[in-house]
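Asker: Below is a structure I'd like to ask you about.
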Amino acid sequence: MLGFGREKDLIGLDIGSYSIKAVELKAKKKGTEELYEVKKIGYELLPHDAIVEGTIIDSAAVVETIKMIFDENKITNKNVVISVSGNSVIIKKISLPSMDTEELAESIIWEAKHNIPYPYEETNVDYAILKSSEYSEDKNLDILLVAAKKDKIANYSNVVNQARKNLEAIEVDVFALQNALDVNYPELSKEKTVAIINLGANITNVIIIEKNVPQLFRDLSLGGSFFTENISKDLGISFDDAEKLLKGLPVKNVEPERYEAILNLNIQNILEEIEKTFSFYEAGEKTERKIEAIFLSGGLSKLKDLAAKFEQKFNMRTELFNPFRRIYYDEKKFDSIYFEEMAALFGVATGLATRKLEK
Ligand SMILES: Nc1ncnc2c1ncn2[C@@H]1O[C@H](COP(=O)(O)OP(=O)(O)OP(=O)(O)O)[C@@H](O)[C@H]1O
Ligand SMILES: [Mg+2]
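FYI, the numbering for the sequence shown is 25 to 383, going by our numbering.
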């Protein structure tokens, strides 16, 4: 059987409410080490109202945008992995006594029915067994229970099918980010407690990973579109002008001090929400828990000095996440400035493309 046991090269397709990102990675082995190379990459903006509150409203626009990304970047591979997030996705960490696979499958259904705030019939449930913590003395299994509303899955699968791509898997944003961390920062992900904060347009994903084990995951209703909305309302300017200001571009007849004041209020709001999430994590267990590094990603992480504001607030090393840190790309084919500028946007897409599927 040709190709048996080899892994399929995949396209990570991150369908955000502001933009769609696609990256195709080629997996190669160097000894026991897994390495990746970027084969293709693409990015397109979506119309403002194509995806509203996590639902694809204008599927034709999303399908067209996906097709455009593939055509313009000559992506011929059709095998895509997408992700979902927001309040239609529930992730719970549960602990069960050690048991065989059959018993486990039954217990998972029971747990899902009791832990997920949606009717069981309306959700797709999946689970993963976490590596047991090195401190645990008992033989319990730590399990991640993931449930996604079926209508959400159908909503996102439809556009992929209509764009004539093969949907190979559906992931969750926060776990894609964890994959990207493992590939690009293996030393940190193995040894430290790291928080990744992916600041998008409507959703901010937060994941806290302690020595490779995900400990806390949140999708907060925060992001750049709330900034532009507030700026446009408070300054009485258009949405597009507010967006320009956010990206550091000049807009006529705007007092810089007024803009700075509104911007700071919005940043403070994000910092406070993140502080609550961190406190929740750090207060959660008997053993002392401390986050040791923060990574920022997503479009809003490009906001000037945001990492410095996080450093100040949390008194902790904060860096912009680079999903291409240990991923090779051919500088003859790609512009390295493009990669530097786009790095913030490709955390989820890159993590999706590193998923392993058998051919
Ligand atoms: N240079 C920049 N400076 C500040 N903000 C920016 C910049 N570029 C983009 N943004 C903001 O980032 C947001 C888009 O980020 P991103 O592409 O990560 O979102 P998304 O994944 O499409 O959305 P979501 O996942 O929340 O549905 C927008 O609100 C946009 O205004
Ligand atoms: Mg996003």
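Heads up, the beta-carbon is just placed ideally off N, CA and C, and yes, glycines get one too.
Roughly how many angstroms separate the alpha carbons of His-72 and Ile-90, rounded to a whole number?
Answerer: Within the sequence shown, the letter at position 48 stands for residue 72. Within the sequence shown, the letter at position 66 stands for residue 90. Whole-angstrom Cα-Cα distance: 16 Å.
Asker: Here's a check: name, in chain order, each residue in its chain whose Cβ is nearer than 7 Å to the Cβ of Ala-307, leaving out the five neighbours to either side.
Answerer: Reading the sequence shown from its first residue, position 283 is the one you call residue 307. Excluding positions up to five away in sequence, the list is empty.
Asker: What are the boundary residues of the alpha helix (DSSP H) that includes Lys-137?
Answerer: Taking the sequence shown and counting its residues from 1, one reaches residue 137 at position 113. From DSSP, the alpha helix (DSSP H) with Lys-137 extends over 125–139.
Asker: Quick check on the DSSP output: the alpha helix (DSSP H) that includes Lys-353 runs from which residue to which?
Answerer: Position 329 of the sequence shown, counted from the first residue, corresponds to residue 353. Note on residue identity: the sequence assigns Tyr, not Lys, to residue 353. First-last for Tyr-353: undefined, no H or E at that position.
Asker: Using a 10 Å radius around the Cβ and a threshold of 16 neighbouring Cβ atoms, would you call Gly-55 buried or exposed?
Answerer: One-based indexing of the sequence shown puts residue 55 at position 31. Exposed.
Asker: Whole angstroms is fine: what's the gap from Phe-28's alpha carbon to Val-47's?
Answerer: Here residue 28 is taken as the residue at index 4 of the sequence shown, counted from 1. Here residue 47 is taken as the residue at index 23 of the sequence shown, counted from 1. At Phe-28, the pLDDT of 45 sits below 50, so the modelled position is not reliable; the number obtained from the coordinates is stated separately. About 24 Å.
Asker: For Asn-339, report the span of its beta strand (DSSP E) as first-last.
Answerer: Position 315 of the sequence shown, counted from the first residue, corresponds to residue 339. Where Asn-339 is concerned, there is no enclosing beta strand (DSSP E), given that its DSSP letter is neither H nor E.
Asker: Taking 8 Å as the cut-off, is the beta-carbon of Gly-322 closer than that to any non-hydrogen atom of ligand 2?
Answerer: Position 298 of the sequence shown, counted from the first residue, corresponds to residue 322. Within the cutoff, so yes.
Asker: Ser-262 by DSSP, collapsed to three states: which one?
Answerer: In the sequence shown, the residue the question calls residue 262 occupies position 238. In the structure shown, Ser-262 sits in coil (DSSP, three-state: anything other than H, G, I, E or B).
Asker: Could you say if the stretch 58–72 and the stretch 161–173 meet the contact criterion of at least three C-beta pairs nearer than 8 Å?
Answerer: With the cut-off at 8 Å, the stretch 58–72 and the stretch 161–173 do not touch.
Asker: What ranges does the beta strand (DSSP E) occupy inside the stretch 161–216, keeping only unbroken runs of at least 3 residues that lie completely in it?
Answerer: Fully enclosed beta strand (DSSP E) runs of 3 or longer: 165–173, 190–196.
Asker: Who are Leu-344's beta bridge partners in DSSP?
Answerer: To locate residue 344, count along the sequence shown from 1; it is residue 320. Leu-344 is bridged to Leu-320.
Asker: Looking only at DSSP bridge pairs, what is Thr-79 linked to?
Answerer: In the sequence shown, counting from the first residue as 1, residue 79 sits at position 55. Its beta-bridge partners are Val-76.
Asker: Where do the N-terminal and C-terminal ends of the beta strand (DSSP E) with Tyr-151 fall, by residue?
Answerer: What you label residue 151 is simply residue 127 of the sequence shown in a count that begins at 1. First-last of the beta strand (DSSP E) with Tyr-151: 147–154.
Asker: Who are the Cβ neighbours of Glu-135 in its own chain at under 7 Å, not counting the five residues just before and after it?
Answerer: As a position in the sequence shown, residue 135 is number 111, starting the count at 1. Cβ within range, chain order: Ile-118, Leu-169.
Asker: Within 10 angstroms of its Cβ, does Gly-224 collect 16 or more other Cβ (buried), or is it exposed?
Answerer: Walking along the sequence shown from the start, residue 224 turns up at place 200. With 16 or more Cβ atoms within 10 Å of its Cβ, Gly-224 is classed as buried.
Asker: Do you know offhand how far Ala-331's Cα is from Glu-343's?
Answerer: Stepping through the sequence shown from its first residue, residue 331 is reached at position 307. Stepping through the sequence shown from its first residue, residue 343 is reached at position 319. Roughly 6 Å between the two C-alpha positions.
Asker: Could you tell me whether the stretch 298–305 touches the stretch 260–269, where touching means 3 or more Cβ pairs closer than 8 Å?
Answerer: As far as the Cβ criterion goes, the stretch 298–305 does not touch the stretch 260–269, which means the pair count is below three.
Asker: Residues with a Cβ closer than 5 Å to any heavy atom of ligand 2, in chain order?
Answerer: Answer in sequence order: Gly-40, Gly-224.
Asker: Does the separation of the CB atoms of Ile-351 and Glu-145 fall below 9 Å?
Answerer: Here residue 351 refers to the residue found at position 327 of the sequence shown. Here residue 145 refers to the residue found at position 121 of the sequence shown. No, the pair does not count as a contact, with Cβ atoms beyond the cut-off.
Asker: DSSP on Lys-102, reduced to helix/strand/coil?
Answerer: Position 78 of the sequence shown, counting from 1, holds the residue named residue 102. DSSP places Lys-102 in coil when its eight states are reduced to three.
Asker: Indicate whether Leu-376 and Asn-203 have their beta-carbon atoms separated by less than 9 Å.
Answerer: Reading the sequence shown from its first residue, position 352 is the one you call residue 376. Reading the sequence shown from its first residue, position 179 is the one you call residue 203. For Leu-376 and Asn-203, yes; Cβs fall inside 9 Å.
Asker: Note down, one range per segment and in chain order, each beta strand (DSSP E) of at least 3 residues found wholly within the stretch 228–311.
Answerer: Counting only runs of 3 or more, we get 228–234, 237–244.
Asker: Whose CA, out of Ile-44, Glu-58, Ile-65, lies closest to the CA of Lys-357?
Answerer: Here the question's residue 357 lines up with position 333 in the sequence shown. For the residues Ile-44, Glu-58, Ile-65, the minimum Cα distance to Lys-357 belongs to Ile-65.
Asker: For Ala-178, which residues from the same chain have a beta carbon less than 8 Å from its beta carbon, with the 5 sequence-adjacent residues on both sides left out?
Answerer: Taking the first residue of the sequence shown as 1, we reach residue 178 at position 154. For Ala-178, where only same-chain residues beyond five positions count, there are no Cβ hits under 8 Å.
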